[in-house]
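In our numbering, the protein residues as written are -15 to 325.
The beta carbon of each residue, even a glycine, is placed where N, CA and C say it ideally should be.
Shown next, in structure tokens, is the structure this report addresses.
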Amino acid sequence: MGAYARIKSAIETAADAAGSIVKVALGSSGNFVEYPEGVAGRRTWPTGQVWLGDTFPYILSAIGNEFDSLYPRVWCVGGEDWMCSSIGAAVTGINADPVPPAAGARVMILIFPGYYTMTSEITVPSWVHVKGVSKRAVQLYNNTTDMFKVSGYNWFSDFLIEGAPTTTLAAFDGDDKSNVRIARVDMLKNAGNNKQRFIWQSGANWETWLIEDCIIDWYGTGGYVNLLANTSGAARAVDVVFNNVFFDAFQLTTWGHNIGVRACKDVRIRNSTIRGNGGWHTGVRVENGGIAGSVCHVRHSYLEGGVPVFGEANTHYNLINSDAIGALTAGTRTLRNSSVV
């Protein structure tokens, strides 16, 4: 049975069970709902349109149930009766599903327009994509806990985070997990209260993160906006890419860093703008973590304010086709077609 016929059948079944409709017709010659005796008679409306009367809740419920059967791997979050009321409720449903998310059974949480306040951290299961319909229409806020804890093989896209004022919280807790993509997720100033971290990743095993097309207007006064820390005891390749990001940190009153890279190799920043107020800002800080070998690559980017790039002793960074006036190092660096003075 095709989707059209299945939705029609579902509407009839739901409406009949509700006792308010005895017949629903959807067709090229017109659409109508027929009521039982004692209720106002048949009501018609033009083909291709829907009459929004007493039948509307039942029609919505039927379409929602049918949507679930047609797209069983999509969990919708929003204000309608057939949707999950929160991202947490969607995750609860996913965890209870007898068919768990997997490489061959991937799941999406699709967030419909709205403002969503969260008060507990959401651990997103592996192979789940959290996606808003548009970052202009979906806004998330949590000033109680970190917002998301990843499990690995996660994707996040197309929503706005209203930055929280609590500096110890993070939007994304990496939890030493791998294979994560964050795309088109912004974290804005929230009337000057955006002081939480964006990404906080630390551990001995994690790798492979892609962050792209994100804007952060950070109002913290010091510390890290993003920290990538390897704790394995030896510098290792982590395969991280920041692509086409715009990071601002202009409210610093002590040292602050847009991106911290600690004991990591193969962290690449490209096609990006990273800025902060002079005197306290480090755009990219390459740290040794007590061991030698940390390496970072900056390509085709513009960095300004304070020390745009800084490398600690026993670290190395490459600056290629980039503008980073004031960049310094206590280790080594390679410059190619780039400005530092």
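(Q) Alpha carbons only, please: which of N210, D160, L172 is nearest the one belonging to F182? (A) N210
Q. Where does the unbroken alpha helix (DSSP H) through A73 begin, and where does it stop?
A. 71 to 80
Q: Could you tell me whether the Cβ atoms of F156 and I200 are closer together than 8 angstroms?
A: no
**Q.** Per-residue burial, G63 [other beta carbons within 10 Å of its own, 16 or more giving buried]
**A.** exposed
Q: Label D65 either buried or exposed according to how many other C-beta atoms from any shown protein chain fall within 10 Å of its C-beta, with 16 as the threshold for buried.
A: exposed
Q. Opposite N227 in the DSSP bridges: which residues?
A. E196, R254
Q) Just to confirm, are K133 and D160 a CB contact at a threshold of 8 angstroms? A) no
Q) What number of angstroms, rounded off, separates the C-alpha of R259 from the C-alpha of S110? A) 34 angstroms
Q | Where the beta strand (DSSP E) through N242 begins and ends | A | 240 to 246
Q: Count the other CB atoms, across all protein chains shown, that sit within 10 Å of the CB of T318; report buried if there are 16 or more and exposed otherwise.
A: exposed
Q. What is the DSSP secondary structure of R269, reduced to helix, strand or coil?
A. strand
(Q) Quick test of the definition: if touching needs 3 or more C-beta pairs under 8 angstroms, does the stretch 273 to 291 touch the stretch 251 to 265? (A) yes
Q | Limits of the unbroken beta strand (DSSP E) element including Y137 | A | Y137 -> no beta strand (DSSP E), and no H or E assigned at all.
Q. In terms of residue numbering, what span does the beta strand (DSSP E) encompassing E288 cover?
A. 286 to 288
Q. Starting from I95 and walking both ways along the beta strand (DSSP E), at which residues does that stretch end?
A. 91 to 95
Q. When the Cα of A87 is compared with those of I71, N138, I95, which residue comes out closest?
A. N138
Q: Take N305 as the anchor and find which of G277, W59, S322 has the nearest alpha-carbon.
A: S322
Q | Alpha carbon of F143 to alpha carbon of C198, nearest angstrom | A | 10 angstroms
Q. So, using beta-carbon positions, are V328 and K249 closer together than 8 angstroms?
A. The shown model of the chain, from -15 to 325, leaves out residue 328, and the question about it has no answer.
**Q.** Reduced DSSP category for I304 - H, G, I as helix; E, B as strand; rest coil
**A.** strand
Q.
Only counting the same chain, and skipping five residues up and downstream in sequence, which positions put a Cβ closer than 6 angstroms to that of A276?
A. N298
Q. Exposed or buried, what is S162 when buried is set at 16 or more other beta-carbons lying within 10 Å of its beta-carbon?
A. buried
Q. Taking buried to mean at least 16 other C-beta atoms within 10 Å of its own C-beta, is P85 buried or exposed?
A. buried
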